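Just so we're aligned: the sequence shown equals residues 13 to 390 in our numbering.
Encoded as structure tokens, the structure appears first; notes follow it.
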Amino acid sequence: MRVPEITADDLAQRLERGETLQVLDVRVPANAAEGHIEVERYLNVPIMRLFAVPEVEATGLARDAPVAVVCDRGVSSRTAVMHLRQQGFDAFSVAGGMLAWSVASVPRRLAEPGPLDLLIQFDRLAKGSLAYLLVRDRQALLVDPGRDLSQYIAEIESLGVRLIGVAETHAHADYLSGAAAAADRWQIPHYLHPADAFSPFDGRQARLATAPLLPDRPIRLGDVDVFVESTPGHTEGSVTLRVGDALAFTGDFLFVESLGRPDLGNRSEEWTGVLWQSLERARAHWPAEVLVLPAHYAGESERNADRTIGAALGSLGSRNLPFSLRDAEEFRSWVSARVGGFPETYRTIKLANLGLLAPNQEEAAILEAGKNQCALAG
Numbered sequence: 013m014r015v016p017e018i019t020a021d022d023l024a025q026r027l028e029r030g031e032t033l034q035v036l037d038v039r040v041p042a043n044a045a046e047g048h049i050e051v052e053r054y055l056n057v058p059i060m061r062l063f064a065v066p067e068v069e070a071t072g073l074a075r076d077a078p079v080a081v082v083c084d085r086g087v088s089s090r091t092a093v094m095h096l097r098q099q100g101f102d103a104f105s106v107a108g109g110m111l112a113w114s115v116a117s118v119p120r121r122l123a124e125p126g127p128l129d130l131l132i133q134f135d136r137l138a139k140g141s142l143a144y145l146l147v148r149d150r151q152a153l154l155v156d157p158g159r160d161l162s163q164y165i166a167e168i169e170s171l172g173v174r175l176i177g178v179a180e181t182h183a184h185a186d187y188l189s190g191a192a193a194a195a196d197r198w199q200i201p202h203y204l205h206p207a208d209a210f211s212p213f214d215g216r217q218a219r220l221a222t223a224p225l226l227p228d229r230p231i232r233l234g235d236v237d238v239f240v241e242s243t244p245g246h247t248e249g250s251v252t253l254r255v256g257d258a259l260a261f262t263g264d265f266l267f268v269e270s271l272g273r274p275d276l277g278n279r280s281e282e283w284t285g286v287l288w289q290s291l292e293r294a295r296a297h298w299p300a301e302v303l304v305l306p307a308h309y310a311g312e313s314e315r316n317a318d319r320t321i322g323a324a325l326g327s328l329g330s331r332n333l334p335f336s337l338r339d340a341e342e343f344r345s346w347v348s349a350r351v352g353g354f355p356e357t358y359r360t361i362k363l364a365n366l367g368l369l370a371p372n373q374e375e376a377a378i379l380e381a382g383k384n385q386c387a388l389a390g
């Protein structure tokens, strides 16, 4: 019996279009708790239980909508699909399982790209992570890419533009970066602030060939300058990439509804003060209309009507509590009450992103399991 399958990217696109689907996760609950496909009609029913119940409807599954079945690697989901189809359900397996879903992303074009010709935001759904492709005069700059380059390659080739560089707003700790691989594939500069080119844990120098990302060295993209502003606090080398007064790619410094954690380098007390200073400079000098485009989001409340993530700086006061705090000690107390629970996997990911470790594909998927934890929780 042929088992119908769908790719993770195709599933993401169907969900993006608002199609009514049920997602049946046949993994054990412990694995599902680490991260699952977030849809309204989601069920976690381990495969042994699925086969044990006399009527599938007893699990909560309904016959009024197609069923996307997912497991770890797309193997046991095929068995579950055969079982469901024999009982009359319109079911299909997600090829590659959660390993494939972990890197699936949806590209969205921003309606107002400022002085750019085109701005694409890549939404990696499983991580709540965002990458960007900036295009001007048929040149492109890739910002904060994840490890799977396929979506970026497809867009760049489809547009017929020339990639002139890849930039990271900081050395990431929550997902494995694709910046070094992109720089190698296209033979382009990999821009990173020098302060982030070493381990914050033991001081080891990164084993990467990077170009310094510094305030006095804007990146020329066509006839537009992409300016670099130091906004440390989440990391020592965190920067914001500014395109005039229109766009601010803030990385993990400033999110729509929170700020980046200052404790991921084990120097929370020191970096909290640095984060406050960065925030003060941004509030004092950035125009209210600049569009804040972060590297992450925490939930659906941060989406715009077109499902993009981003907000004008002047609108953040009503939805971003730490951004609205005006007293340094109150800010420090607020941050102190919310840091902690340092994810140990982040240490490994950070070292891998500095070229100091080389996880294989399966190890990479395990390291990246679940949503990002880079924001200070409200």
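By construction, the Cβ of each residue, glycine as well, lies at the ideal position given by its N, Cα and C atoms.
The structure displayed is predicted, hence computed values, not measured ones.
Residue i: first and last residue of the uninterrupted alpha helix (DSSP H) it sits in
i, result
"residue 270", "No alpha helix (DSSP H) contains residue 270, which DSSP labels as neither H nor E."
"residue 191", "191–198"
"residue 168", "162–171"
"residue 141", "Element bounds for residue 141: not the alpha helix (DSSP H) but the beta strand (DSSP E), 141–148."
"residue 37", "Residue 37 -> not in any alpha helix (DSSP H); beta strand (DSSP E) instead, spanning 34–37."
"residue 305", "Note, residue 305: premise wrong, no alpha helix (DSSP H); beta strand (DSSP E) at 303–306."
"residue 373", "373–379"
"residue 360", "356–365"
"residue 67", "Counting along the chain, residue 67 falls outside any alpha helix (DSSP H), and DSSP gives it neither H nor E."
"residue 41", "41–46"
"residue 184", "Unbroken run through residue 184: none, as it is neither H nor E."
"residue 340", "340–348"
"residue 159", "That residue, residue 159, is in no alpha helix (DSSP H); it is neither H nor E in DSSP."
"residue 30", "No alpha helix (DSSP H) contains residue 30, which DSSP labels as neither H nor E."
"residue 75", "It is not in any alpha helix (DSSP H) - residue 75 carries neither H nor E in the DSSP assignment."
"residue 287", "280–297"
Enclosing beta strand (DSSP E) for residue i [first to last residue]
i, result
"residue 133", "130–136"
"residue 177", "174–179"
"residue 335", "No beta strand (DSSP E) holds residue 335; the alpha helix (DSSP H) holding it covers 333–336."
"residue 55", "54–56"
"residue 80", "79–82"
"residue 104", "103–106"
Residue i - partner residues in DSSP beta bridges
i, result
"residue 92", "Residue 92 is not bridged to any residue."
"residue 3", "Since the first residue of the chain shown is 13 and the last is 390, residue 3 is not available in this structure."
"residue 117", "136"
"residue 315", "321"
"residue 18", "106"
Rounded Cβ spacing between residue i and residue j (contact assumed at less than 8 Å)
i, j, result
"residue 237", "residue 302", "That pair is no contact at about 15 Å."
"residue 320", "residue 251", "Rounded, the Cβ-Cβ distance is 22 Å, inconsistent with contact."
"residue 218", "residue 367", "6 Å"
"residue 91", "residue 59", "7 Å"
"residue 128", "residue 146", "5 Å"
"residue 28", "residue 118", "5 Å"
"residue 152", "residue 174", "7 Å"
"residue 137", "residue 306", "About 16 Å; that fails the 8 Å criterion."
"residue 176", "residue 200", "6 Å"
"residue 253", "residue 179", "6 Å"
"residue 71", "residue 57", "5 Å"
"residue 298", "residue 260", "7 Å"
"residue 223", "residue 205", "The Cβ separation is near 10 Å, so there is no contact."
"residue 233", "residue 150", "That belief does not hold up - the Cβ atoms of residue 233 and residue 150 are roughly 10 Å apart, past 8 Å."
"residue 68", "residue 99", "6 Å"
Cβ-heavy atom distance, residue i to the ligand GDP, below 7 Å
i, result
"residue 105", "Ligands are entirely absent from the displayed structure, and the ligand GDP is therefore not among its contents."
C-beta neighbour in chain C for residue i, strict 8 Å
i, result
"residue 20", "Of the protein chains in the structure, only one exists, and it is not chain C."
Decide if the region 210–223 is in contact with the region 361–373; the criterion is three or more beta carbon pairs, one per stretch, under 8 Å apart.
yes
Count the C-beta pairs between the region 24–41 and the region 100–118 that are closer than 8 Å, then say yes if the count reaches three, no if not.
Cβ pair count under 8 Å is three or more, so yes.
Report yes or no: do three or more beta-carbon pairs, one from the region 240–252 and one from the region 274–283, lie closer than 8 Å?
yes
Pairs of beta-carbons, one from the region 284–291 and one from the region 120–137, closer than 8 Å: are there three or more?
no
Using a Cβ distance threshold of 8 Å, determine whether the region 156–168 contacts the region 342–357, with at least three qualifying pairs required.
no
Which runs of the beta strand (DSSP E) at least 3 residues long sit entirely within the region 196–273? Give them in chain order.
202–204, 231–233, 236–242, 251–255 and 259–263
With contact counted as at least three CB pairs below 8 Å, one residue from each stretch, are the region 188–197 and the region 258–267 in contact?
Contact between the region 188–197 and the region 258–267 is absent: fewer than 3 CB-CB pairs across the two stretches fall below 8 Å.
Pairing CB atoms from the region 310–329 with CB atoms from the region 133–142, are three or more of them under 8 Å?
yes
Within 8 Å, do at least three Cβ pairs link the region 176–191 to the region 328–338?
Taking 8 Å as the limit for Cβ pairs, the verdict is that the region 176–191 does not touch the region 328–338.
Inter-stretch contact (C-beta, 8 Å, three-pair minimum) for the region 92–107 and the region 66–81:
yes
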